[in-house]
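Quick note: the sequence shown uses the working numbering, first residue -15, plus one each step.
For glycine and all other residues, C-beta sits at the position ideal for the given N, C-alpha and C.
Report on the following structure.
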Amino acid sequence: MKFLSSKLCVVMAAVATLAASGTAFAAKDDVLSHRCYTVAPEAAERAAIDERLSAFRNMRKARGVEVQRAVGSVTIPVWFHVIRKGTGISNGDVPQSQIDDQIAVLNAAYSSTPFVFQLAGVDRTTNSTWYKMSPGSSAEKKAKAALRKGGPETLNLYSANPGLGLLGWATFPSSYASSPKQDGVVVKFSSVPGGTAAPYNEGDTGTHEVGHWLGLYHTFQGGCANPGDSVADTPAEASSAYGCPVGRDTCTSAAGLDPITNFMDYTDDSCMNQFTAGQVLRMDQMHQQYRTVSQPLASR
Ligand SMILES: [Ca+2]
Ligand SMILES: [Ca+2]
Ligand SMILES: [Zn+2]
-15 MKFLSSKLCV VMAAVATLAA SGTAFAAKDD VLSHRCYTVA PEAAERAAID
35 ERLSAFRNMR KARGVEVQRA VGSVTIPVWF HVIRKGTGIS NGDVPQSQID
85 DQIAVLNAAY SSTPFVFQLA GVDRTTNSTW YKMSPGSSAE KKAKAALRKG
135 GPETLNLYSA NPGLGLLGWA TFPSSYASSP KQDGVVVKFS SVPGGTAAPY
185 NEGDTGTHEV GHWLGLYHTF QGGCANPGDS VADTPAEASS AYGCPVGRDT
235 CTSAAGLDPI TNFMDYTDDS CMNQFTAGQV LRMDQMHQQY RTVSQPLASR
């Protein structure tokens, strides 16, 4: 997840507690301290997911099958659910032009990946409670249960106005099996291209949250310690970066400067502009493992 204004890097356990408790979350209302509330799985589950990906990679290599699918070879259908409190852009009624621009931003950001995003449909729901939904709230559960379309392969993108300076949050591919109806991405309505959430109004909240939806963690996941974000070619980073702090190096014992231009950090939209090859490979494998409706692992 991403938040509008931010000084703190939230420990994931604390995030889980907040997300699980609407009351605790609401009590944070005046802090405006975070940009993203996507909750990474616990270490043991992260390790199990990485083992599964590793087994998949090795099996494909042993069979001489291409491990990574070709650029642009996988179309992801996108349902865009506008949750508004009334008509007009100030009520969260994102116009079709901004929805089209958001899809274009996704396709540009993922142009080095197998994925192409194709708008399948748009619906508009007026509900002032859902409009303010926060991560883990009953409003979120109800909205998604009512609106979600498709299976694990379909990206359901909700726009709303969560407050708390919150820009967005997402679910991981591995969560689909246990919570299919909650699967998807939520973004603040004004974070779409041309929205009012500057400096987060170029649509990269969507890019970042879809990265989670395809199995990426934050670049600062795990801080300076291995396995960090489980991607080898993103330099380790001790904490989230904001603005665009060129030259930042929070893990001096680990090679490389902090990956501040990576879509999975917390920097300004104008600062983030890349996924690494390792992230692209991970997203491709996560998608094949958890979001394709084909055969189980053993038969591929
Ligand atoms: Ca890394
Ligand atoms: Ca470093
Ligand atoms: Zn995030």
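Counted as a single uninterrupted DSSP element, the beta strand (DSSP E) harbouring V62 occupies residues 58 to 68. With 5 Å as the limit, the residues whose C-beta approaches a heavy atom of ligand 1 more closely than that are G212, D213, V215, T218, in chain order.
Look at the stretch 135 to 208 and you find these whole runs of beta strand (DSSP E), each 3 residues long or longer: 139 to 144, 150 to 154, 169 to 172. In this structure A144 is not in contact with Y184, their Cβ atoms being roughly 15 Å apart against a cut-off of 8 Å. Shortest gap from the CB of T236 to any heavy atom of ligand 2: under 7 Å. The continuous beta strand (DSSP E) containing T109 extends over residues 99 to 110. Per DSSP, the beta-bridge partners of C20 are G152.
Distance from the CA of T218 to the CA of H192, rounded to the nearest whole angstrom, comes to 15 Å. Contact annotation: S224 and P25 have beta-carbon atoms that are not nearer than 8 Å. Q269 and V169 have their alpha carbons spaced roughly 19 Å apart. DSSP places N246 within a strand segment (E or B) once states are collapsed to three. A distance below 8 Å separates the beta carbons of F247 and D188. In this structure, A239 has its CB closer than 7 Å to one or more heavy atoms of ligand 2. Distances from the CB of H271 to the heavy atoms of ligand 3 are all 7 Å or more. Selection Q258, Y160, I83, S162 evaluated against Y142 yields I83 as nearest (Cα-Cα). In this structure, L151 sits away from V62, with a CB-CB distance that is not shorter than 8 Å. In summary, V176 is buried, with 16 or more beta-carbon neighbours lying within 10 Å of its beta-carbon over all protein chains present.
Distance check between S95 and each of R275, H271, F259 places F259 closest, using alpha-carbon atoms only.
A straight-line Cα-Cα distance of about 12 Å links F40 and G48.
Per the Cβ contact rule, the stretch 190 to 209 is in contact with the stretch 253 to 267 (3 or more Cβ pairs under 8 Å). With a cutoff of 8 Å on beta-carbon distance, A220 and C228 are scored as not near each other.
Counting the other CB atoms within 10 Å of its CB gives Q205 a total of 16 or more, which places it among the buried residues. Annotation for S112: K69 place their beta carbon closer than 7 Å to its own, counting only its chain and skipping 5 residues before and after. With a contact defined as Cβ atoms closer than 8 Å, H196 and T71 miss out at about 31 Å. In the displayed model, Q258 falls within a strand according to three-state DSSP. With fewer than 16 other beta carbons inside 10 angstroms of its own, G240 counts as exposed. Inclusion of T109 and I73 in the CB contact set at 8 Å is not warranted, their separation being larger than that value.
C-alpha of S162 to C-alpha of G120: approximately 15 Å in a straight line. Shown here for T234: same chain residues with a beta carbon closer than 7 Å to its own, the five before and five after excluded, namely E221, A222, S223, D242 in chain order. Taken atom to atom, the span from the alpha-carbon of K172 to that of G179 is near 9 Å.
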